[in-house]
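Chemist: For the sequence shown, counting from 1, position 115 maps to 184 in this note's numbering; every step adds exactly one. C-beta: ideal position from N, C-alpha, C; glycine also.
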Amino acid sequence: MLTKPQHKTDLRSDAGLASALRVSMARLTRRLRRQAAAHSLTPTQFATLAAVERHSGITPGELAELEKVQPPSMTRVIAKLEERGLVARTPHPIDRRQVTVTVTEAAEKLLKEERRRKEAWLTQRLKDLSSEERAILRQAAPILEKLSRI
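1. Check the DSSP bridge columns for Ile147 and list the partner residues they point to.
2. To the nearest whole angstrom, what separates the beta carbons of Thr128 and Thr173, a pair I think is in contact under 8 Å?
3. Straight-line CA distance for Leu90 to Leu206?
4. Quick check: the region 138 to 153 against the region 191 to 206, are at least 3 beta-carbon pairs closer than 8 Å?
5. What residue does the beta strand (DSSP E) around Val170 start on, and which one ends it?
6. Return the residue from the list Glu188, Ala204 and Asp197 that minimises the CA-CA distance to Ala105.
7. Excluding the 5 residues preceding and the 5 following Gly126 in the sequence, name in chain order all residues of the same chain whose CB lies nearer than 7 Å to its CB.
8. Determine the direct distance from the alpha carbon of Val156 to that of Ala116, and round the result to whole angstroms.
9. By the three-class DSSP mapping on this structure, what secondary structure does Ile127 have?
10. So, for Pro160: in the same chain, excluding its five sequence neighbours on each side, which residues have a beta-carbon less than 7 Å away from its beta-carbon?
11. What do you get for Ala87, buried or exposed, if any count of 16 or more other CB atoms within 10 angstroms of its CB means buried?
12. Inspect the beta-carbon positions of Met143 and Gly130 and report whether they are closer than 9 Å.
13. Quick check on Thr192: does DSSP put it in helix, strand or coil?
14. Tell me the residue span of the beta strand (DSSP E) that contains Val156.
Structure (structure tokens):
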């Protein structure tokens with residue numbers, strides 16, 4: 070049986086659904102962030118590192134556009150990640166005035182551990198749900214993924 074949301078929102082309207090999703094997803098995101106290992110990366114640094122992993126060989130400008138931040142901000146984030154040995158800059162293969170960014174082996178290890186910790190925590194929380202609730206989440210997962218990409 071599904072549990073009623075803690076906040077009072079009319080889920081019959083799109084606006085109500087949007088409000089309920091916003092609140093619930095923000096809470097879940099905060100709870101997942103608390104599972105972070107002691108790597109002391111900011112959420113922005115971690116998101117950037119994950120994006121570089123997904124788009125290896127990306128330029129800082131492309132990365133800024135992808136992450137919806139200003140190029141100077143992205144340059145500072147990349148510099149901090151490079152200082153920690155988590156990303157490497159290499160000359161662009163075509164335009165030598167640019168660089169591309171890739172993750173290092175240390176970053177791959179950090180990302181893998183971070184994902185493992187968060188997925189272990191979430192797996193435990195899923196055990197508290199009924200089989201019906203987990204089935205609904207299985208159906209909702211691709212829809213939430215689609216929303217995240219629109």
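Modeler: Taking the coordinates as given:
1. Within the sequence shown, numbered from 1, the residue matching residue 147 stands at position 78. The partner list for Ile147 (beta bridge, DSSP) is empty, contrary to what the question assumes.
2. Residue 128 sits at position 59 when you count from the first residue of the sequence shown. Residue 173 sits at position 104 when you count from the first residue of the sequence shown. Actually they are not in contact, since the Cβ atoms of Thr128 and Thr173 sit about 18 Å apart, beyond 8 Å.
3. The residue given as residue 90 occupies position 21 in the sequence shown. The residue given as residue 206 occupies position 137 in the sequence shown. Whole-angstrom Cα-Cα distance: 13 Å.
4. With a cut-off of 8 Å, the region 138 to 153 and the region 191 to 206 do not count as touching, because too few Cβ pairs lie within range.
5. For the purposes of this step, residue 170 is taken as the residue at position 101 of the sequence shown. Per DSSP, the continuous beta strand (DSSP E) segment holding Val170 begins and ends at Val168 to Val172.
6. Here the question's residue 105 lines up with position 36 in the sequence shown. Among Glu188, Ala204 and Asp197, the Cα nearest to that of Ala105 belongs to Glu188.
7. Position 57 of the sequence shown, counted from the first residue, corresponds to residue 126. Excluding sequence positions up to five before and after Gly126, its CB lies within less than 7 Å of the CB of Thr169 and Thr171, all in the same chain and listed in chain order.
8. Numbered from its first residue, the sequence shown carries residue 116 at position 47. Numbered from its first residue, the sequence shown carries residue 156 at position 87. Between the C-alpha atoms of Ala116 and Val156 there is a straight-line separation of about 13 Å.
9. Position 58 of the sequence shown, counting from 1, holds the residue named residue 127. In the structure shown, Ile127 sits in a strand (DSSP, three-state: E or B).
10. On the sequence shown, position 91 is the one that residue 160 refers to. In chain order, Val168 place their CB closer than 7 Å to the CB of Pro160, counting only its own chain and leaving out the 5 sequence neighbours on each side.
11. Numbered from 1 along the sequence shown, position 18 holds the residue referred to as residue 87. A residue is called buried once 16 or more other Cβ atoms fall within 10 Å of its Cβ, and Ala87, having fewer, is exposed.
12. Position 74 of the sequence shown, counting from 1, holds the residue named residue 143. Position 61 of the sequence shown, counting from 1, holds the residue named residue 130. A distance below 9 Å separates the beta carbons of Met143 and Gly130.
13. Translated into positions along the sequence shown, residue 192 becomes position 123. Here DSSP, grouped into helix, strand and coil, assigns Thr192 to helix.
14. Here residue 156 refers to the residue found at position 87 when the sequence shown is read from its first residue. According to the DSSP assignment, Val156 belongs to the beta strand (DSSP E) that extends over Val156 to Pro160.
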